[in-house]
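Visitor: Mind the numbering: the sequence shown is residues 295 to 586 in the numbering used here, read in order.
Ideal Cβ placement from N, Cα and C applies to all residues, glycine included.
Questions regarding the structure given below will be posed in turn.
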Amino acid sequence: MQIKGTLMLLGAAFFWGTTFVAQLTGMDGLGPFSYAAGRYLIGFLSLVVLLIFTRKSRTIERRKKNYQRGFLIGLIIGVVLFIATSMQQIALQYSTAGKAAFITCLYIVFVPLGAKLLGKIIRRENWLGAGLAIVGLYLLAVGGNFSIQLGDAILFVSAFVWTAHILMTDKFASKVDVIEMSAAQIFVTLILTSIAMFEFETPSLSAMFGAWFPILYAGVMSSGVAFTLQIYGQRYTEPSTAAILMSFEAIFGALAGWFFLGEVMSSREIFGCVLMLIGMLATQWTLIKKSL
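Following this line, the structure appears as structure tokens:
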């Protein structure tokens, strides 16, 4: 079961990482909320199909009392997801796919710190990892004149929201219907994103059709498949271990930005990424040693 959960979370990390490219290219002619609305519409429809095809098996599991309905908690977590993804989408207007992926993945440092607030033990390596990650973030995001880009600042704050999303998912993933929970959170995000789209932007169907592939990829693979893989995967792993696996999103995102968009980082930014990666791994060093 642990291997199964590991593969699921790595799969989620891959789809999230490569989706940074889709998010950037999809906004060539669209505002952040317009792109997100199209993305989550596709994601929700794909999950509705999954709900229909798995209805019988999930009904049997509920009758065995293996888990409860997942719609209600999914609606609540969906609000957190909306905040996190909206901040990330807005920030990508002022950042790159590689930098966005690494800064977002600071949640691997924040998850154990957040778990401490829930009564779990925090180790010395957690503080060491946090320190290295913050130094790396400074090198990656803060310029030589001590200025920080708006997008990087928004991404940093969004990492705290992603931390809340991971901790909430961990709390309920083993207790409720995973597919119902995933569909509900994507539905709430779709509704709230659509409201923001009409409030702050001028939606254009022609522009959405023009960005059909980035919307389709992010909608199906990230919004539909990846978030479902996350919930399933967190059934079989501890939150800190899940954070390690999902942090590979940073590596996949940086590679995808380089391969598809030709993004190039300076030596200072690369060193910052290396320090952040070391800090992320140091945070989870006890768990890494146990798995070796």
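Output yes or no for whether 9 Å exceeds the beta carbon distance between isoleucine 572 and glycine 392.
Guide: Working through the sequence shown from its first residue, we reach residue 572 at position 278. Working through the sequence shown from its first residue, we reach residue 392 at position 98. No; because the gap between Cβ atoms is not below 9 Å, this pair is not in contact.
Visitor: Among Met515, Ala576 and Ser351, which one has its Cα closest to the Cα of serine 340?
Guide: If you number the sequence shown from 1, residue 340 lands on position 46. Selected option, being the one with the closest Cα: Met515.
Visitor: In chain order, which continuous runs of the beta strand (DSSP E) of length 3 or greater are located wholly inside the region 548 to 584?
Guide: none
Visitor: State the Cα-Cα distance for the pair threonine 390 and isoleucine 384, rounded to the nearest angstrom.
Guide: Start at 1 with the first residue of the sequence shown, and residue 390 comes out as number 96. Start at 1 with the first residue of the sequence shown, and residue 384 comes out as number 90. Rounded to the nearest angstrom, the two C-alpha atoms are 12 Å apart.
Visitor: Across the region 457 to 469 and the region 529 to 546, are there enough close Cβ pairs to call them in contact, namely three or more that are closer than 8 Å?
Guide: yes
Visitor: Give every residue of the same chain whose Cβ lies closer than 6 Å to the Cβ of leucine 369, excluding the five residues on either side of it in the sequence, and list them in chain order.
Guide: Here the question's residue 369 lines up with position 75 in the sequence shown. Cβ-Cβ distances below 6 Å link leucine 369 to Ala478 and Val482 in the same chain, with the five nearest sequence neighbours on each side left out; the list follows chain order.
Visitor: Spatial neighbours of isoleucine 367 within its chain, please: C-beta separation below 7 Å, excluding the five flanking residues on both sides.
Guide: As a working note, residue 367 is residue 73 in the sequence shown. Contacts found: Phe466, Val470 and Met475.
Visitor: Can you give, in chain order, each stretch of the alpha helix (DSSP H) that sits fully within the region 378 to 438 and has at least 4 residues?
Guide: If we require 4 residues or more, the alpha helix (DSSP H) runs fully inside the region 378 to 438 come out as 391 to 398, 401 to 411 and 418 to 435.
Visitor: In three-state DSSP terms, what is glutamine 362?
Guide: Position 68 of the sequence shown, counted from the start, is the residue given in the question as residue 362. Judged by DSSP in its simplified three-state form, glutamine 362 adopts strand.
Visitor: Excluding five sequence neighbours on each side, which residues of the same chain lie with their C-beta closer than 8 Å to the C-beta of phenylalanine 347?
Guide: Here the question's residue 347 lines up with position 53 in the sequence shown. Correct list: empty, nothing qualifies.
Visitor: How far does the alpha helix (DSSP H) with isoleucine 442 in it extend, from its first residue to its last?
Guide: Stepping through the sequence shown from its first residue, residue 442 is reached at position 148. Element bounds for isoleucine 442: n/a, residue is neither H nor E.
Visitor: Measure from the alpha carbon of leucine 523 to the alpha carbon of each residue in Ile297, Lys298 and Met302, then state which is nearest.
Guide: Here residue 523 corresponds to residue number 229 of the sequence shown, with the count starting at 1. The residue with the shortest Cα to Cα distance from leucine 523 is Met302.
Visitor: Would you check if there are 3 or more beta carbon pairs closer than 8 Å linking the region 560 to 567 to the region 304 to 323?
Guide: no
Visitor: Thinking just about the alpha-carbon of each residue, which of Val519, Phe554, Asp446 and Cys567 is nearest to the one in arginine 333?
Guide: Position 39 of the sequence shown, counted from the first residue, corresponds to residue 333. Among Val519, Phe554, Asp446 and Cys567, the Cα nearest to that of arginine 333 belongs to Val519.
Visitor: Compute the distance between the beta-carbons of alanine 550 and glycine 372, then report whether it is under 9 Å.
Guide: By 1-based counting over the sequence shown, the position of residue 550 is 256. By 1-based counting over the sequence shown, the position of residue 372 is 78. Not in contact: alanine 550 and glycine 372 (Cβ atoms no closer than 9 Å).
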